[in-house]
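Q: Sharing a structure with you now.
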Amino acid sequence: MAEPLFPGTIVSVVGAGTMGSGIAHVAARAGHLVVLFDAQPEALDRARKAIAKDLAFLVSKQRLDAAEAEAILGRITMASDLAATARSALVIEAIAEDRAAKRSLFAALEAIVADDCILATNTSSISITDIAAGLRLPGRVVGMHFFNPAPRMALVEVVDGLQTDPQVAETLIATCKVWGKTPVRAKSTPGFIVNRVARPYYGESMRTLAEGATDPATLDAVLRDCGAFPMGPCELMDLIGLDVNLMVSRSVFEALGGDRRYAPSLVQQELVRAGRHGRKTGYGFHRYGEGVAAPVPTVEPPRGPVPPTSSHPHLGLLEPLVKRIVAGGVEVQHVTSDDRSHLHLQAGAARLMLGDGRTATQRAVEEGDPDLVLIDLAADFARTPRVVLARADQCSDAAWRDAVATFQAGGIDVVRIDDIAGMIVIRTVAMLVNEAADVVTQGIATVEDVDTAMRLGTGWTVPPFDWADRMGAKWVAMVLDHLRNHYGEERYRVAPALQRRRWSGGKFHA
Ligand code: NAD
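Under my numbering, the letters of the sequence shown match residues 52 to 561, in that order.
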């Protein structure tokens, strides 16, 4: 185990913008003497004010006493000459996301600092290997990817370039821990862990919109309420900035050799072309501003009467839904049979089943029942305020009404989406698991680090490998196979780490 950097040693931060000022705050709070350098003197002024404001806020919330806050500020020196970084044990670069600027800064730093000084970069998208290439001592260059706002976000991705000395990364991991952060380790790869694994959250969502399956407000509500994601994808892209999100998508797409799985969506490109960049421009997927009502999801109007309902007593994941229907006063007859054709919920004329990546229309033919209605996945069927249903093209209006009325009797709102393969939550979860499994296959990060990164970096309460272990690798791989058959696209190929568990039955988490 490597030792952390000693408190009291000098940590320099180059670039005093949003990230640099936050990182300077973190290092000074951990007891380091901090030198903060920026090419723009005004940036240093702004940084000092921003750090002082953050500290004053912590004092007002009694999380810090005033004397400590003053001492922290006192440990930060603003520098207008890069030479002031000379005695640092660690320099963290947080200048603009520009490859040439970063490479020339690291070359300049190499001539200033001692040979044992660690050189870290907070880049979000540039290869660590590339930044280090050509330096005299490339082994000391490492990624240290903080999240915004750095003082509040616990996650730090510590990223090894191809030439990074493992001891250097381990020293930063140990240092992050004593700074109160949660480090995860990744190999230099486009998007590292969080920005890579999250790509399908945006990509699949925009595909459902492009296919006209639903509208942005409903899509957001479904992924929030059924998928247990803290924010829907459209509201999240609006917050990040559609232009910024598109830039990350493009950079991951290009860096991964133009793999179509990461192709930026036309939906997003058109919004950006129209100047609809999200919250900051007052309009993205949704409208913002004074007096603008929050977007409302579309739900089915009340239907009735409730038809006679029956179900197999062992419906697996769907059992809590049946319990809620029963609690709503619906009599559900149990059909006890070993016959597979009874493994569903029969609401009047409608045969209801959990989706599996096929459309209801295809499955209705394969099940030999035109009145088929599919149910999308929910993280918690016992509590979800809504269920998402898709009906087969052959399904009768009467059967559809029966399906809707049955859930409504259980106090559950029904969202109808068009009959697209994989619905919304199912395809999103399957693709997130698959992306995470690819990261593991390629040795970029461990299963534990991927889930930790997604939990802390995105706030997902059910991170990808928890979903995988809950649903089973076999089920996830089957969904992907169905999506691949349906679209005929490489995009849905199954990652090797998932394929292996599909056949072995093994779980991702030990
Ligand atoms: P920013 O624009 O807020 O700040 C960049 C600062 O660097 C500016 O003050 C600028 O004057 C200064 N600068 C630019 N070139 C310089 C140079 N050659 N020498 C010295 N100073 C220079 O940017 P930011 O959002 O803080 O991002 C900084 C880095 O952190 C980027 O690499 C970015 O990709 C990464 N990052 C950003 C976020 C985020 O959410 N903003 C999150 C993680 C990582």
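C-beta: ideal position from N, C-alpha, C; glycine also.
1. I need the boundaries of the beta strand (DSSP E) containing residue 144, first residue and last residue.
2. Beta-carbon separation of residue 215 and residue 192 under 8 Å?
3. Does the stretch 461 to 478 come within contact of the stretch 360 to 370, defined as at least 3 CB pairs closer than 8 Å?
4. Roughly how many whole angstroms lie between the Cα atoms of residue 164 and residue 64?
5. Identify, in the order they occur along the chain, each residue of the same chain with its Cβ nearer than 6 Å to the Cβ of residue 461, setting aside the five sequence neighbours on each side.
6. Using a threshold of 8 Å, state whether the C-beta atoms of residue 303 and residue 247 are closer than that.
7. Helix or strand or just coil, what does DSSP make of residue 486?
8. Please confirm whether any heavy atom of the ligand NAD lies closer than 7 Å to the CB of residue 571.
9. Alpha carbons only, please: which of 539, 121, 57 is nearest the one belonging to residue 311?
10. Does the Cβ of residue 331 lie closer than 7 Å to at least one heavy atom of the ligand PLP?
11. When you compare each of 257, 198, 470 to residue 439 by their alpha carbons, which one comes out closest?
12. Consult DSSP for residue 384 and reduce its assignment to one of helix, strand or coil.
13. On a CA-only basis, which of 194, 181, 92, 166 is nearest residue 174? Give me that one, please.
14. Which parts of the stretch 98 to 128 are runs of the alpha helix (DSSP H), unbroken and 4 residues or longer, counting only runs that do not cross its ends?
15. Residues in the same chain with beta-carbon distance under 6 Å from residue 481, minus the five sequence neighbours each way, listed in chain order, please.
16. State buried or exposed for residue 345, treating a residue as buried only when at least 16 other CB atoms are found within 10 Å of its CB.
17. When you compare the stretch 136 to 145 with the stretch 68 to 78, are there three or more beta-carbon pairs, one atom per stretch, that lie closer than 8 Å?
18. Check for me: the alpha helix (DSSP H) holding residue 250 runs from which residue to which?
19. Inspect the beta-carbon positions of residue 424 and residue 401 and report whether they are closer than 8 Å.
20. Please say whether residue 58 and residue 228 have beta carbons closer to each other than 8 Å?
21. Under 6 Å Cβ to Cβ from residue 484, same chain only, skipping five residues before and after it: list those, please.
22. Please determine, among 547, 202, 427, 502, the residue with the shortest C-alpha to C-alpha distance to residue 264.
23. Could you tell me which uninterrupted beta strand (DSSP E) segments, each at least 3 residues in length, are contained entirely in the stretch 172 to 219, listed from first to last along the chain?
24. On the CB-based measure, 16 or more other CB atoms within 10 Å of its CB, does residue 488 come out buried or exposed?
25. Taking all protein chains shown into account, do 16 or more other C-beta atoms lie within 10 angstroms of the C-beta of residue 562, making it buried, or fewer, making it exposed?
26. Assign residue 52 to buried or exposed, taking buried as 16 or more other Cβ atoms, counted over all protein chains shown, within 10 Å of its Cβ.
27. Is residue 151 near the ligand NAD, going by C-beta to nearest heavy atom under 7 Å?
28. Pull up the DSSP beta-bridge partners for residue 64, would you.
29. Output the boundary residues of the alpha helix (DSSP H) element that contains residue 517.
30. Mind checking residue 104: buried by the 16 CB within 10 Å criterion, or exposed?
31. If you follow the beta strand (DSSP E) that residue 361 is part of, which residue opens it and which one closes it?
32. Please state whether DSSP places residue 282 in a helix, a strand or coil.
33. Looking at residue 243 and the ligand NAD, is the gap between the Cβ and the nearest heavy atom below 7 Å?
34. Can the beta-carbon of residue 337 be found closer than 8 Å to that of residue 285?
35. Can you tell me whether residue 276 is buried or exposed? The criterion is at least 16 other CB atoms within 10 Å of its CB, across all chains shown.
36. Tell me whether the beta-carbon of residue 546 lies closer than 8 Å to the beta-carbon of residue 492.
A: Concretely, from the data shown:
1. 141 to 144
2. yes
3. They do not touch, by the three-pair rule.
4. 13 Å
5. 375, 376, 379
6. yes
7. helix
8. A query on residue 571 cannot be resolved here, the shown segment of the chain reaching from 52 to 561 and no further.
9. 539
10. This structure lacks the ligand PLP; the ligands present are the ligand NAD.
11. If we check each option's Cα against that of residue 439, 470 comes out closest.
12. Residue 384 carries a strand assignment under DSSP once its states are collapsed to helix, strand and coil.
13. 194
14. Fully enclosed alpha helix (DSSP H) runs of 4 or longer: 117 to 125.
15. 527, 530, 531
16. With fewer than 16 neighbouring CB atoms inside 10 Å of its own CB, residue 345 falls in the exposed class.
17. yes
18. From DSSP, the alpha helix (DSSP H) with residue 250 extends over 250 to 261.
19. yes
20. no
21. 515, 518, 519, 527
22. 427
23. 192 to 197, 206 to 211
24. buried
25. One cannot answer for residue 562 here, as it falls past the ends of the chain, which runs 52 to 561.
26. Classification of residue 52: exposed, given that the 10 Å Cβ count is below 16.
27. Answer for residue 151: no, Cβ out of range of the ligand NAD.
28. 87, 143
29. 515 to 522
30. exposed
31. Per DSSP, the unbroken beta strand (DSSP E) holding residue 361 starts and ends at 360 to 362.
32. coil
33. no
34. yes
35. buried
36. Result yes, Cβ atoms of residue 546 and residue 492 sit closer than 8 Å.
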